[in-house]
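One point on numbering: in the working numbering, the residue at position 371 of the sequence shown is 570, and numbering is uninterrupted.
Just so it is clear, CB atoms sit at the ideal spot from N, CA and C, and this is done for glycine as well.
Nothing here was measured: the structure is a model prediction, and the numbers come from that model.
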Amino acid sequence: MTASSLPSTTERCLTLLQTWRSQLQLNRREQTVLAGSIRTLDLQLDRLSNRNLRIAVFGRVGVGKSSLVNALIGQELLATDVAHGCTRQQQALPWMISIPALNTIELVDTPGIDEVAAAARGRLAARVALQSDLVLLVLDADISRVELDALETLIRSGKPVLPVLNRSDCCPPDQLESLRQSISKRIQERCYHNHHARIPDPIAVSAAPRKACQRSDGRVRSERQPAVVHALRTAVINLLQTQGQALLAFNALRQAERLQQQLELGRLERRRQEAQGLIGRYAALKATGVAANPLVLLDLAGGLACDTALVVQLCQLYELPMGGPAARRLIQRLSGHNALLGGVQLGVQLALAGVRQLLLIAAPFSGGLSLAPAAPVAVAQAALAVHTTRRTGRLTAHWLVDQRGRGRRSHPAPTSLMRRLVRSDTNMQRLLADWPLPLNRPRRDGLLP
């Protein structure tokens with residue numbers, strides 16, 4: 200097979216994700232809860248199929264995002280005004296540039312992320328940016344904490360970002376380079392230190408420059424000048440020519456990974472509740488048997504059988520049946536815990552059982568008075584049985600959740616698909632070399648019994 204006949208990055212990614220999507224088995228509740236994420240993924244897969252790339256123009260209110268979109272397109276299609284907050288909702292416009300690997304390119308104008316009394320617009324802007332393939336973070340001065348926080352959110356979500364310094368005509372030429380270096384330094388301090396992400400230096404532009412001009416009557420008025428966006432336009436075109444397909448594929452994989460994470464977290468929460476019920480029932484069963492049975496050997500044998508049954512039930516609940524290497528790893532994991540806990544339990548149970556046995560034997564001679572202290576001893580034995588069962592159950596559940604997190608699934612997860620694509624695709628390798636973005640794994644804090 201020749202190089203020209205090999206499937207493209209978008210084709211390979213689309214095939215992998217469509218196969219993964221078709222194998223998703225969702226119940227009705229999951230289909231309802233995840234309807235928004237599923238719709239977002241399907242839209243991204245449709246854009247991947249049609250090679251329709253989206254670029255979000257993102258930033259604070261009043262930094263000139265709409266003016267920048269107009270300047271890049273070359274037409275005054277978006278309303279602009281000196282008053283802040285002119286953009287009320289997202290607006291997508293086609294950018295008529297020719298990129299061989301892409302069919303269409305859209306520029307998405309977004310509301311300001313810090314609009315006063317407009318938190319919904321800020322959330323909309325973040326959502327639009329996260330659903331785009333590339334983000335232009337527009338600044339008009341040194342980067343603020345609000346902008347750094349927004350940038351970090353984008354980086355954490357695996358989004359390639361190009362900083363753009365608008366209104367560079369308002370900065371004296373001898374200070375412009377110092378401003379760019381200051382912005383770059385603050386970005387690298389935050390993003391590289393926390394996420395090892397290298398963000399390019401900001402590109403200086405003037406989307407709607409104005410110049411003071413003296414009219415024939417002697418009055419001085421501000422007049423609109425041609426936009427200066429050539430450097431940004433060239434940088435974006437070069438990026439799309441080399442990595443346009445990879446950007447589309449990467450965003451589709453990230454959308455699929457987010458859906459997988461939401462699905463896993465929901466299932467973990469339901470399994471946690473069921474696991475808690477299982478552990479509670481087996482602990483109660485073990486406590487009842489220990490308290491009612493006077494023979495310590497039967498206590499230990501019954502307790503072992505109870506804990507074994509609990510482990511088997513938990514394995515079935517987390518869809519990791521006992522058998523083969525999984526069983527051996529779990530047994531090794533539990534052996535050290537059970538050895539220590541079992542030794543303590545044996546010693547305490549023998550002591551408590553001996554005391555209870557003596558009290559029962561002494562009952563005929565004490566007129567039954569010695570039976571009264573036997574009850575607290577039985578309660579103590581039951582409490583110890585409950586504790587050991589809960590410890591065994593929780594340790595088993597932790598191990599099972601960890602195993603599921605390591606990719607023990609019936610079909611590859613999006614993260615595995617991404618690794619597979621990266622290993623064999625130079626475009627994806629180049630993208631991740633330029634933007635070494637972390638692969639997020641779902642947090643399981645609070646989802647264990």
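Going by the CB atoms, is the gap between L336 and P310 shorter than 8 Å?
Reading the sequence shown from its first residue, position 111 is the one you call residue 310. Reading the sequence shown from its first residue, position 137 is the one you call residue 336. No, the pair does not count as a contact, with Cβ atoms beyond the cut-off.
On the premise that V360 lies in contact with L353, defined as a C-beta separation below 8 Å, what is that separation, rounded to the nearest angstrom?
Residue numbering aside, residue 353 sits at position 154 when the sequence shown is read from its first letter. Residue numbering aside, residue 360 sits at position 161 when the sequence shown is read from its first letter. With 8 Å as the limit, L353 and V360 qualify as a contact, their Cβ atoms being about 5 Å apart.
What are the start and end residues of the alpha helix (DSSP H) that includes A349?
Here residue 349 refers to the residue found at position 150 when the sequence shown is read from its first residue. Run containing A349: R344 to R355, per the alpha helix (DSSP H) assignment.
Opposite V307 in the DSSP bridges: which residues?
In the sequence shown, the residue the question calls residue 307 occupies position 108. V307 pairs with A255 and A291.
Among A474, S207 and G479, nearest to Q515 - alpha-carbon criterion:
Position 316 of the sequence shown, counted from the start, is the residue given in the question as residue 515. For the residues A474, S207 and G479, the minimum Cα distance to Q515 belongs to A474.
Distance check for L215 and L247, CA to CA, integer angstroms please.
In the sequence shown, the residue the question calls residue 247 occupies position 48. In the sequence shown, the residue the question calls residue 215 occupies position 16. Their Cα atoms are separated by approximately 12 Å.
Which whole-angstrom value describes the C-beta separation of L301 and L439, a residue pair presumed to lie in contact below a C-beta threshold of 8 Å?
Indexing the sequence shown from 1 puts residue 301 at position 102. Indexing the sequence shown from 1 puts residue 439 at position 240. Right, their Cβ atoms sit about 7 Å apart.
L464: buried (16+ other C-beta within 10 angstroms of its C-beta) or exposed?
In the sequence shown, residue 464 corresponds to position 265, counting from 1. By the neighbour-count rule (16 or more Cβ atoms within 10 Å), L464 is not buried but exposed.
Give me the Cβ distance between D332 and R253, rounded to the nearest whole Å; I'm assuming they're in contact under 8 Å.
Translated into positions along the sequence shown, residue 332 becomes position 133. Translated into positions along the sequence shown, residue 253 becomes position 54. Taking C-beta atoms under 8 Å as the contact rule, D332 and R253 qualify, at a distance of about 5 Å.
C-beta contact flag for V427 and L271 at 8 Å:
Translated into positions along the sequence shown, residue 427 becomes position 228. Translated into positions along the sequence shown, residue 271 becomes position 72. No; because the gap between Cβ atoms is not below 8 Å, this pair is not in contact.
Please list, in chain order, all residues of the same chain as I436 whose beta carbon is under 8 Å from its beta carbon, the five residues on each side excluded.
Here residue 436 is taken as the residue at index 237 of the sequence shown, counted from 1. Cβ neighbours of I436 beyond the five flanking positions: I296 and I298.
Sequence-distant residues of the same chain with beta carbon closer than 6 Å to S356, five excluded per side
Locating residue 356 in the sequence shown gives position 157, where the first residue counts as 1. Taken in chain order, the residues that qualify are L329.
Please report the residue range of the alpha helix (DSSP H) in which L213 lies.
Locating residue 213 in the sequence shown gives position 14, counting from the first residue. T208 to S221 is the span of the alpha helix (DSSP H), which, as asked, contains L213.
For L458, I'd like the list of residues in its chain whose CB is within less than 7 Å of its CB, leaving aside the five on either flank, ordered along the chain.
Taking the sequence shown and counting its residues from 1, the one referred to as residue 458 is at position 259. The answer, listed in chain order, is L233, S236, I237 and L240.
Are the Cβ atoms of E456 and T614 separated by less than 8 Å?
As a first step, residue 456 is located in the sequence shown; it is residue number 257 there, counting from the start. As a first step, residue 614 is located in the sequence shown; it is residue number 415 there, counting from the start. Closer than 8 Å, so yes.
Cross-strand partners of I402 (DSSP beta bridge):
Mapped onto the sequence shown, residue 402 falls at position 203. Answer is V363, bridged to I402.
Determine whether the beta carbon atoms of A451 and L244 lie at a separation below 8 Å.
Residue numbering aside, residue 451 sits at position 252 when the sequence shown is read from its first letter. Residue numbering aside, residue 244 sits at position 45 when the sequence shown is read from its first letter. A Cβ-Cβ contact shorter than 8 Å links A451 with L244.
Check for me: the alpha helix (DSSP H) holding L240 runs from which residue to which?
Within the sequence shown, numbered from 1, the residue matching residue 240 stands at position 41. First-last of the alpha helix (DSSP H) with L240: A234 to N249.
Tell me whether P401 is buried or exposed, calling it buried when 16 or more other Cβ atoms sit within 10 Å of its Cβ.
In the sequence shown, the residue the question calls residue 401 occupies position 202. Buried, by the Cβ-count rule.
Looking only at its own chain, which residues have a Cβ that is under 6 Å from the Cβ of R453, when we skip the five neighbours before and after it?
Mapped onto the sequence shown, residue 453 falls at position 254. Once the five neighbours on either side are set aside, the close Cβ partners of R453 are G357.
DSSP three-state assignment for R453, whether helix, strand or coil
By one-based count along the sequence shown, residue 453 stands at place 254. Residue state, collapsed to three classes: helix.
Any idea if K410 is buried or exposed, counting beta-carbon neighbours within 10 angstroms, 16 or more meaning buried?
Here residue 410 refers to the residue found at position 211 of the sequence shown. Looking at its Cβ environment, which holds fewer than 16 other Cβ atoms inside 10 Å, K410 is exposed.
Going along the chain, which residues of its own chain have a beta-carbon closer than 8 Å to the beta-carbon of A430, five neighbours each way excluded?
For this step, residue 430 is matched to residue 231 along the sequence shown. If we look at A430 and ignore the five residues flanking it on each side, its Cβ neighbours are I402, A403 and V404.
Nearest to A407 (by Cα), restricted to the options R432, A482, L267 and A340:
Within the sequence shown, the letter at position 208 stands for residue 407. It is L267.
May I ask you to report which of helix, strand or coil DSSP gives Q628?
Stepping through the sequence shown from its first residue, residue 628 is reached at position 429. Helix.
Looking at the structure shown, is K410 part of a helix, part of a strand, or coil, going by DSSP?
Taking the first residue of the sequence shown as 1, we reach residue 410 at position 211. Strand, per DSSP.
Pull up the distance between the alpha-carbon of N249 and that of F257, whole angstroms please.
Stepping through the sequence shown from its first residue, residue 249 is reached at position 50. Stepping through the sequence shown from its first residue, residue 257 is reached at position 58. Spanning the two alpha carbons is a distance of roughly 24 Å.
Go through its chain and collect everything with a Cβ distance to L484's Cβ below 8 Å, but skip five positions before and after it.
Position 285 of the sequence shown, counted from the start, is the residue given in the question as residue 484. The residues are C505.
What are the partner residues of R335, as DSSP defines its beta bridges?
Reading the sequence shown from its first residue, position 136 is the one you call residue 335. It is worth fixing the name first, because residue 335 is Leu in this sequence and not Arg. Paired residues: V256 and L361.
May I ask which residues mark the beginning and end of the alpha helix (DSSP H) holding A270?
Here residue 270 refers to the residue found at position 71 when the sequence shown is read from its first residue. K264 to I272 is the span of the alpha helix (DSSP H), which, as asked, contains A270.
Rounded C-beta distance between A508 and N626? I'm assuming under 8 Å.
The count along the sequence shown starts at 1 and reaches residue 508 at position 309. The count along the sequence shown starts at 1 and reaches residue 626 at position 427. A508 to N626, Cβ: 52 Å. No contact.
Taking C-beta to C-beta, are D308 and L350 nearer than 8 Å?
As a first step, residue 308 must be located in the sequence shown, where it is residue number 109. As a first step, residue 350 must be located in the sequence shown, where it is residue number 151. Contact: no.
Assuming I386 and D341 are in contact, meaning their beta carbons sit under 8 Å apart, how far apart are those beta carbons, in whole angstroms?
As a first step, residue 386 must be located in the sequence shown, where it is residue number 187. As a first step, residue 341 must be located in the sequence shown, where it is residue number 142. Not confirmed; about 11 Å, so no contact.
By DSSP, does E275 sit in helix, in strand, or in coil?
Along the sequence shown, read from residue 1 onward, the residue named residue 275 stands at position 76. Shown here, E275 sits in coil according to DSSP, grouped into three states, outside any helix or strand.
Identity of the residue in A434, A255 and R466 nearest L225 by Cα
Along the sequence shown, one-based indexing puts residue 225 at 26. If we check each option's Cα against that of L225, R466 comes out closest.
Own chain, CB closer than 6 Å to D339, minus 5 neighbours either side, in chain order:
Against the sequence shown, residue 339 aligns to sequence position 140. The residues are V262, N365 and R366.
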